[in-house]
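To keep things clear, I will list the structure first and then write my remarks on it.
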Amino acid sequence: MKKLLFLISILMLCSGVLSACTGGTSNSPADVNIAVIKGPSSIGMIKLMDDAENGVINTNNYLFEIYPNADEIVPKIVQGKIDIAAVPANLSAVLYNNTQGNIQVIAINTLGMMYVVENGDTVKTIEDLRGRTIYAGFKGKSPEYDFNYILNGYGINPAKDLNIEWKSEHTECVAALATNDNAVAILPQPFVTTAQMSNENIKIAVDLNREWEALQKNTDNPSTLITGVVVARAEFIEQTPGAMFDFLSRYAVSMEYTNNNVDETAALVGKYDIFPEAVAKKAIPYCNITFIEGQKMKEQLSGYLGILFEQNPQSVGSALPDDDFYYYR
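Heads up, the sequence shown is in my numbering, so the first residue is 21 and it goes up one at a time.
Below is the structure:
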């Protein structure tokens, strides 16, 4: 009889834990409003998005909305209309500062995905960029600071030692590459793949992610080149901790699916009009899609934000985030 009562107690405890992990009872799932940007940062979430749309998930109501850029997401996060969002890494810090700490970063989802691309075969190293004209479409954004950091690491002054011809859109860089022999551009995925599909002579000359890692090897606190993260409202995390736990668990599974099932993921990317399936199939292996949380997330992201802060404090919202910026489950 005692053994039976013990087993019943354990079952009741497990039931309580499961309810907590779903944000409530099975009869009252939480509504979770999630925003993603139309680009690589949404790829790791695409399986979770599809599962939610097809009614596979029975814990919470995951309501996804795809936005063309981060600018449209910002006001809705501030207004509390969005609970979770995939945003550029530096924007997470800006949001934290502008909301007086009401934003927490919960995971890193994409590492560096910027490449030196050439229509020719004259660039082998960063040093080969000296004296060249380079097309780029990220003036005043974090990729500019990333690129400057790498150039400075090799003793190249971006203002004096090369000519950066700024374009308003990455598509303009792709067009310049396609029409000019030996042209060089700095492009992110999937624009790299788009350029290569339009002209077989266009190739990746230098992986800026690897260059960043090489420069960081001999530093005391190595950082990682980071493109995107996922953030959540601190109020949402506090009020629905079970929903937060459930989301991260499912997101990790979705990320693993992405990296292990490229063709199937590419089909979903095309289905949700993130970008064409054929482009996604070739681009995904070069997007550095990942899932990093907890202490490792803090170490890598804080180091990266520190480097941006040194170049332009405004790029991270004028101040580096405090420890409560980093969420641990």
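Even glycine gets a Cβ: it sits at the ideal position worked out from N, Cα and C. All values reported here derive from a predicted model rather than from experimental measurement.
TODO: Would you grab the beta carbon distance between Leu-228 and Phe-158 for me? Rounded to a whole angstrom, and I think it's under 8 angstroms.
DONE: Here residue 228 is taken as the residue at index 208 of the sequence shown, counted from 1. Here residue 158 is taken as the residue at index 138 of the sequence shown, counted from 1. 12 angstroms between Cβ atoms; not a contact.
TODO: Run the CB neighbour count on Pro-210, radius 10 Å, all protein chains shown included, and call it buried at 16 or more, exposed below.
DONE: Residue mapping note: residue 210 aligns to position 190 of the sequence shown, counting from 1. So Pro-210 ends up on the buried side.
- [ ] In angstroms with no decimal places, state the Cα-to-Cα distance between Gly-323 and Val-249.
- [x] Translated into the one-based positions of the sequence shown, residue 323 becomes position 303. Translated into the one-based positions of the sequence shown, residue 249 becomes position 229. C-alpha of Gly-323 to C-alpha of Val-249: approximately 14 angstroms in a straight line.
Open item on the list: Assuming contact is defined by CB atoms lying nearer than 8 angstroms, are Val-125 and Ser-112 in contact in what I supplied?
Closed with: Taking the first residue of the sequence shown as 1, we reach residue 125 at position 105. Taking the first residue of the sequence shown as 1, we reach residue 112 at position 92. Yes, Cβ-Cβ distance for Val-125 and Ser-112 is below 8 angstroms.
Open item on the list: Could you pull the DSSP bridge partners for Leu-131 from this structure?
Closed with: The residue labelled residue 131 in the question sits at position 111 within the sequence shown. In DSSP, Leu-131 forms a bridge with Ile-246.
Task: Cut-off 6 angstroms between Cβ atoms - residues of its own chain near Pro-163, not counting five sequence neighbours on either side - done: Position 143 of the sequence shown, counting from 1, holds the residue named residue 163. The beta carbon of Pro-163 sits closer than 6 angstroms to those of Met-134, all from its chain and outside the five residues before and after it, given in chain order.
Task: Coarse secondary structure for Leu-321, derived from DSSP in three states - done: Translated into the one-based positions of the sequence shown, residue 321 becomes position 301. The answer is helix: DSSP assigns Leu-321 an H, G or I state.
Task: Tyr-82 classed as buried or exposed, judged by whether at least 16 other C-beta atoms fall within 10 angstroms - done: Taking the sequence shown and counting its residues from 1, the one referred to as residue 82 is at position 62. If you draw a 10 Å sphere on the C-beta of Tyr-82, you find 16 or more other C-beta atoms in it, and that means buried.
Task: Option nearest Ile-54 by Cα separation, candidates Tyr-271, Glu-233, Asn-279, Ile-176 - done: In the sequence shown, the residue the question calls residue 54 occupies position 34. Across the set Tyr-271, Glu-233, Asn-279, Ile-176, the C-alpha of Tyr-271 shows the shortest separation from the C-alpha of Ile-54.
Task: Top-ranked residue by Cα proximity to Cys-193, from Asp-181, Ile-206, Asp-201 - done: The residue you call residue 193 lines up with position 173 of the sequence shown. Measuring C-alpha to C-alpha distances from Cys-193 to each of Asp-181, Ile-206, Asp-201 identifies Ile-206 as the nearest.
Open item on the list: Contact between the stretch 320 to 339 and the stretch 283 to 292 is defined here as three or more beta-carbon pairs at a separation below 8 angstroms; is this criterion met?
Closed with: In short, these stretches do not touch, since the Cβ pair count stays below three.
Open item on the list: Tell me the rounded alpha-carbon separation between Asp-71 and Ile-294.
Closed with: Along the sequence shown, one-based indexing puts residue 71 at 51. Along the sequence shown, one-based indexing puts residue 294 at 274. Between the alpha carbons of Asp-71 and Ile-294 lies a gap of roughly 17 angstroms.
Open item on the list: Between which two residues does the alpha helix (DSSP H) holding Thr-310 run?
Closed with: Residue 310 sits at position 290 when you count from the first residue of the sequence shown. That residue, Thr-310, is in no alpha helix (DSSP H); its beta strand (DSSP E) goes 309 to 312.
- [ ] Give the range of the alpha helix (DSSP H) segment to which Asn-229 is assigned.
- [x] Here residue 229 refers to the residue found at position 209 of the sequence shown. From DSSP, the alpha helix (DSSP H) with Asn-229 extends over 228 to 236.
- [ ] Leaving out five residues on either side along the sequence, give the residues of the same chain with a beta carbon under 8 angstroms from the beta carbon of Asn-202.
- [x] As a working mapping, residue 202 is identified with position 182 in the sequence shown. Here the set comprises Glu-138, Asn-139, Gly-140, Thr-142.
TODO: Could you pull out every residue in the same chain whose Cβ sits closer than 7 angstroms to the Cβ of Gly-314, ignoring the five residues on either side in sequence?
DONE: Taking the first residue of the sequence shown as position 1, residue 314 is located at position 294. The residues Tyr-348, in chain order, have a CB closer than 7 angstroms to that of Gly-314 in the same chain once the five nearest residues on each side in sequence are set aside.
Open item on the list: So for Glu-185, helix, strand or coil by DSSP?
Closed with: Taking the sequence shown and counting its residues from 1, the one referred to as residue 185 is at position 165. Correct three-state label for Glu-185: strand.
Task: Sequence-distant residues of the same chain with beta carbon closer than 8 angstroms to Gln-331, five excluded per side - done: Along the sequence shown, read from residue 1 onward, the residue named residue 331 stands at position 311. Only Tyr-165, Asn-168, Tyr-169 meet the Cβ criterion.
Open item on the list: One question on the structure: do Ser-274 and Gly-59 come within less than 8 angstroms of each other, judged by their Cβ atoms?
Closed with: For this step, residue 274 is matched to residue 254 along the sequence shown. For this step, residue 59 is matched to residue 39 along the sequence shown. Against a cut-off of 8 angstroms, the Cβ pair of Gly-59 and Ser-274 comes out as no contact.
Task: chain D contact for Thr-199 (CB, 8 angstroms cutoff) - done: As a matter of chain content, chain D is missing from the structure shown, which is built from one protein chain.
Task: Unbroken alpha helix (DSSP H) run spanning Pro-108, endpoints - done: Taking the first residue of the sequence shown as 1, we reach residue 108 at position 88. In the DSSP assignment, Pro-108 falls outside any alpha helix (DSSP H) and lies within the beta strand (DSSP E) extending over 104 to 108.
Open item on the list: In whole angstroms, give me the CA-to-CA distance for Ser-39 and Ile-77.
Closed with: Along the sequence shown, one-based indexing puts residue 39 at 19. Along the sequence shown, one-based indexing puts residue 77 at 57. Legend: pLDDT at Ser-39 = 42, less than 50; position of this residue unreliable, no value from coordinates given.
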